[in-house]
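Numbering (the UniProt record's numbering), first residue to last: 1 to 980.
Every residue gets a Cβ at the ideal spot worked out from N, C-alpha and C, and that includes glycine.
Let me begin by presenting the structure, written as structure tokens, before commenting on it.
Below is the structure:
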């Protein structure tokens, strides 16, 4: 037992008294008497006693169950650090109904942590070796960073628009820390703040996933989200509108004269799709006057505010303009439109799919911020115009407002459209000013009110525009029934009807534009380009810009020619990471791996044509077997082409559409041909791995799952000496210019890369080859080698086969898990076409044989005098030919009147309905009577007989071939051409 007394501010001390004690004694007792005079006090004030008591409680909390602590003979009610925290929480929640959570964890022998909620400002109670660090320090930062990082990830997943920073989350936390630190350093003698670096703590506090999960569920996430919503709403109010009569500073707004005045409820703001649509609206307004009608043009598509970030919404000039024009105020509920500058909002867009999308985005904008406005009768209306007009020669005019409606009418005529003139309105700009005035004279016919029926309307809007509804959106699209369209004869349209009967058509079209067909690997725009190239027999080069115009004219392309030119350029690119086989030729600068093709020249300066290999891949004999589509009254591209190998595997594909996205890597065409031959011979397939032409790095399988395989794509890096490395290849789709910028960041440092890690770099790159030489200090080289050169210099990426969504042969979206699945699906479709191709080719050869036989008989008849052709009436001669059993081959329509490639109607007879006696048509024997007189000789007969013998040989040879033989022959020809 040790006893010692200190006095006079510890300047005097007694000799220690050491005596024996009982073996079971283990305690420390401190008794003191304050020098009141020293502190100018006559007694101990309550605050001072409370402070001293608090320090004793601190000791009890820090020491926990290892020591029993008493004060003035009373045992303290604190056995653990969690008990100690409870004292704070009990005090904080006095008089409140809600109980503050207490999430406790003993991470290890040196760290105890407890977390609760704070009311808008970060709070902490912490100890280092039982010293109260009232201002926190690095130990509190070490703990809170883990908690904040976890919560931040959850918050930003729940609301991607929140963009919450770490310090903002900290303001909602109350953190308690009890730690033991080796040789702690503080900022002052009072030891209020720990300054020891985390690496020198002597231990780590690693919070468990279970603890972090409990913290995230204690209410802090909800508090942060509520705070973020409040903050965003407050920010968005900065650009609120107001009801005032004069509005200035908004470009291109033609305001109604009465907007914002006493007659504002009678005013209608017309939002148009671009300036040309505004011009049409202004023509129409000349009929109804400017007092109650204003017009504002939209530049393209409105932002999807439901999924946009706060900054995107704040920076969007159009959203700000619409709020100010209408007088909308953030967060306000509207039961009527009395406080707005306009009583009605009219949407005037093209009647195509993109026009429907713009309507939907405007509805989504109102529903996201002012859902009550959609329930106000007559507030939101749309102005519809015809997409097709059919004019009969008798003057009757029919207007169609949807393509399904027009197609239904056309089918009802069973193709008998003679006498009807069809005009397609590709946009509002197609309508004349005269038509615009006609539309506004009959407003009742062209104006449709949107109406809120029930909660299904709101659910439908969310279904179409919320990212949270991705899976439900897939079900929605799969449930589409072909032929569905919105009945425009109805005066009122519910929001759910608009979404499910009109907007769904855009979503399907968007998906079709973004995801290719498994059969030909093409998206619609690419297919139109290939169709136009085949139609033009595009072997002579032409400017990309000119070819774009040709494609647009001949394939009913309804989007911008700039987009078309970009697609053409993409189909011709052949640098590393683009196409393994480009089906168009890049004649000029079509881009390089330096900038991923973005460094291509203008479409006005570069040329293209079909490559010689393209027709090898898409054989011409197949064209007659394809299902060619019709649009705008003309035959256009087929539903899909049928290449001899699946081009979706050869060139891969990538796209993001409504409901689905897709990514298919590139594969080696030779591997694909090998596997197709295995299938043709009923042999097992060989597994295929991604392959990119010209890539010198490695592609190695890294993980396999049921949904697909992951591959690690690695470039080439090598150490030259102790201070130099050489980068000779980059991962696929990591472009040279981007990598150069990365090296500059390593050289100069950035916000993320604080400390430069290389001394210099030199470039030896070309348009096709990567070659960087990088200099480092010996110290940095050692660090890089320890980390791994590939990792340090970001020379690996990952690609996967887990998202190979493609349209199947019937146009249904389907997920493929392996390239072999795609290959097998393709095999059955393509083999069936070879069966049909053989049948058609045999039939055509026999047709030509029959025609040759008739020609030989005819010439012999003329030579022998059995058939007299001179000085006779043509009608008599035709009847004689029929009587003598010559086969009639009716004259076909001109080639220019028919689909160029095999299409429907190739057997349409010429428009010659003149009938002769005994049912002989004038063109039935034109193939005989049009033969020049000089060919009616025995020499010509011999020539025709030789041709017939050759044809007979061809027929027999073709009959001996199986469809599989035909396919294998095409594949061999392809490999031969590929080598060339």
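> Should residue 519 and residue 640 be called a contact, given that it needs their Cβ atoms to be closer than 7 angstroms?
Replying inline: The residue labelled residue 519 in the question sits at position 519 within the chain shown. The residue labelled residue 640 in the question sits at position 640 within the chain shown. A contact, by the Cβ cut-off of 7 angstroms.
> Leaving out the 5 sequence neighbours to the left and right, which residues in its chain are closer than 7 angstroms to residue 405 when beta-carbon positions are compared?
Replying inline: Here residue 405 corresponds to residue number 405 of the chain shown, with the count starting at 1. So the qualifying residues of the chain are 485.
>> So, with DSSP's three-state summary, where would you put residue 198?
In response: Position 198 of the chain shown, counted from the start, is the residue given in the question as residue 198. Three-state result, residue 198: helix.
> Are the beta-carbon atoms of residue 617 and residue 643 separated by less than 7 angstroms?
Replying inline: Indexing the chain shown from 1 puts residue 617 at position 617. Indexing the chain shown from 1 puts residue 643 at position 643. Closer than 7 angstroms, so yes.
> Between which two residues does the alpha helix (DSSP H) containing residue 510 stretch?
Replying inline: As a working note, residue 510 is residue 510 in the chain shown. Element bounds for residue 510: 504-514.
> Is residue 27 buried or exposed, if buried means 16 or more other CB atoms sit within 10 Å of its CB?
Replying inline: Stepping through the chain shown from its first residue, residue 27 is reached at position 27. Exposed.
> Closest by CA to residue 8, which one among 36, 23 and 22?
Replying inline: Within the chain shown, residue 8 is the residue found at index 8, counting from 1. Comparing Cα-Cα distances from residue 8 to each of 36, 23 and 22, the minimum goes to 36.
> Contact between the segment 377-388 and the segment 541-548: three or more CB pairs below 8 angstroms?
Replying inline: no
> Hey, would you say residue 732 sits closer than 7 angstroms to residue 713, going by beta carbons?
Replying inline: Position 732 of the chain shown holds residue 732. Position 713 of the chain shown holds residue 713. Yes, the pair counts as a contact, with Cβ atoms nearer than the cut-off.
> So what does DSSP say about residue 47, is it helix, strand or coil?
Replying inline: Here residue 47 refers to the residue found at position 47 of the chain shown. Looking at residue 47 - three-state DSSP - the assignment turns out to be helix.
> In this structure, does DSSP put residue 669 in helix, strand or coil?
Replying inline: For the purposes of this step, residue 669 is taken as the residue at position 669 of the chain shown. Three-state result, residue 669: helix.
> Candidates 611, 504, 598 and 607: which alpha carbon is nearest residue 1052's?
Replying inline: The shown model of the chain, from 1 to 980, leaves out residue 1052, and the question about it has no answer.
>> If contact is defined by three or more beta carbon pairs under 8 angstroms, each pair taking one atom from either stretch, is the segment 290-307 in contact with the segment 207-220?
In response: no
> So what's residue 901 in DSSP terms, helix, strand or just coil?
Replying inline: Here residue 901 refers to the residue found at position 901 when the chain shown is read from its first residue. Caution applies to residue 901, whose pLDDT of 29 falls short of 50 and renders its modelled position unreliable; the model cannot decide the point.
> In three-state DSSP terms, what is residue 910?
Replying inline: Locating residue 910 in the chain shown gives position 910, where the first residue counts as 1. The predicted model places residue 910 with a pLDDT of 38, which falls under 50 and marks its position as unreliable; any figure quoted below should be read in that light. Coil at residue 910, not helix or strand.
> In its own chain, which residues sit with a C-beta less than 6 angstroms from the C-beta of residue 981, not counting the 5 before and 5 after it?
Replying inline: Because the chain in this structure spans residues 1 to 980, residue 981 falls outside the shown range and cannot be described.
>> When you compare the CB positions of residue 267 and residue 334, do they come within less than 7 angstroms of one another, or not?
In response: Residue 267 sits at position 267 when you count from the first residue of the chain shown. Residue 334 sits at position 334 when you count from the first residue of the chain shown. No. Outside cutoff.
> Do residue 511 and residue 450 have their CB atoms nearer than 7 angstroms?
Replying inline: On the chain shown, residue 511 is found 511 positions in, with the first residue counted as 1. On the chain shown, residue 450 is found 450 positions in, with the first residue counted as 1. No, Cβ-Cβ distance for residue 511 and residue 450 is not below 7 angstroms.
>> Let me make sure I understand the geometry here. Which of 762, 300, 148 and 630 has the alpha-carbon closest to that of residue 411?
In response: Within the chain shown, the letter at position 411 stands for residue 411. The candidate whose alpha carbon is nearest that of residue 411 is 630.
> Where are the beta strand (DSSP E) runs, 3 residues long or more, that stay fully inside the segment 273-351, in chain order?
Replying inline: 293-298 and 344-348
> In terms of residue numbering, what span does the beta strand (DSSP E) encompassing residue 708 cover?
Replying inline: Stepping through the chain shown from its first residue, residue 708 is reached at position 708. Looking at the DSSP string, the run of the beta strand (DSSP E) that includes residue 708 is 708-714.
>> Considering only DSSP beta bridges, list what residue 543 is partnered with.
In response: Numbered from 1 along the chain shown, position 543 holds the residue referred to as residue 543. Answer is 607, bridged to residue 543.
> In this structure, does DSSP put residue 629 in helix, strand or coil?
Replying inline: Indexing the chain shown from 1 puts residue 629 at position 629. Residue 629 falls in the strand class under three-state DSSP.
> What number of angstroms, rounded off, separates the C-alpha of residue 701 from the C-alpha of residue 174?
Replying inline: In the chain shown, residue 701 corresponds to position 701, counting from 1. In the chain shown, residue 174 corresponds to position 174, counting from 1. Rounded to whole angstroms, residue 701 to residue 174 spans 46 angstroms at the Cα level.
> So which of 790, 890 and 860 has the shortest CA-CA distance to residue 943?
Replying inline: Reading the chain shown from its first residue, position 943 is the one you call residue 943. Considering only alpha carbons, the answer is 860.
> Excluding the five sequence neighbours on either side, which residues of its own chain have a C-beta within less than 7 angstroms of the C-beta of residue 367, listed in chain order?
Replying inline: Taking the chain shown and counting its residues from 1, the one referred to as residue 367 is at position 367. Result list for residue 367: 374, 458 and 461, in chain order.
> Nearest-angstrom Cα distance between residue 909 and residue 890?
Replying inline: Taking the first residue of the chain shown as 1, we reach residue 909 at position 909. Taking the first residue of the chain shown as 1, we reach residue 890 at position 890. For residue 909, the predicted model reports a pLDDT of 38, less than 50, meaning its position is unreliable; a value from the coordinates is still stated below. Roughly 7 angstroms between the two C-alpha positions.
> To the nearest whole angstrom, what separates the beta carbons of residue 710 and residue 800, a pair I think is in contact under 8 angstroms?
Replying inline: In the chain shown, counting from the first residue as 1, residue 710 sits at position 710. In the chain shown, counting from the first residue as 1, residue 800 sits at position 800. That belief holds up - the Cβ atoms of residue 710 and residue 800 are roughly 5 angstroms apart, short of 8 angstroms.
> Which whole-angstrom value describes the C-beta separation of residue 928 and residue 844, a residue pair presumed to lie in contact below a C-beta threshold of 8 angstroms?
Replying inline: Counting from 1 along the chain shown, the entry for residue 928 is found at position 928. Counting from 1 along the chain shown, the entry for residue 844 is found at position 844. About 19 angstroms; that fails the 8 angstroms criterion.
>> Rounded to whole angstroms, what is the Cα-Cα separation between residue 251 and residue 329?
In response: On the chain shown, position 251 is the one that residue 251 refers to. On the chain shown, position 329 is the one that residue 329 refers to. Approximately 21 angstroms between the Cα atoms of the pair.
>> Within a Cβ cutoff of 6 angstroms, which residues of the same chain sit near residue 595, ignoring the five residues on either side of it in sequence?
In response: Your numbering for residue 595 matches position 595 in the chain shown. Excluding positions up to five away in sequence, the list reads 735 and 737.
>> Using only the alpha-carbon positions, how far apart do residue 935 and residue 863 sit?
In response: Counting from 1 along the chain shown, the entry for residue 935 is found at position 935. Counting from 1 along the chain shown, the entry for residue 863 is found at position 863. Computed Cα separation, rounded: 11 angstroms.
>> Give the list of continuous alpha helix (DSSP H) stretches no shorter than 4 residues that lie fully inside the segment 796-869.
In response: 819-863
> Does DSSP classify residue 11 as helix, strand or coil?
Replying inline: Sequence index remark: in the chain shown, residue 11 carries index 11 (1-based). Residue 11 falls in the coil class under three-state DSSP.
>> So the candidates are 132, 340, 312 and 832; which of them puts its Cα closest to the Cα of residue 622?
In response: Indexing the chain shown from 1 puts residue 622 at position 622. Taking only the C-alpha atoms, the option nearest residue 622 is 832.
> Unbroken beta strand (DSSP E) runs of length 3 or more, entirely within the segment 711-792: which are they?
Replying inline: 716-721, 724-729, 760-763 and 772-775
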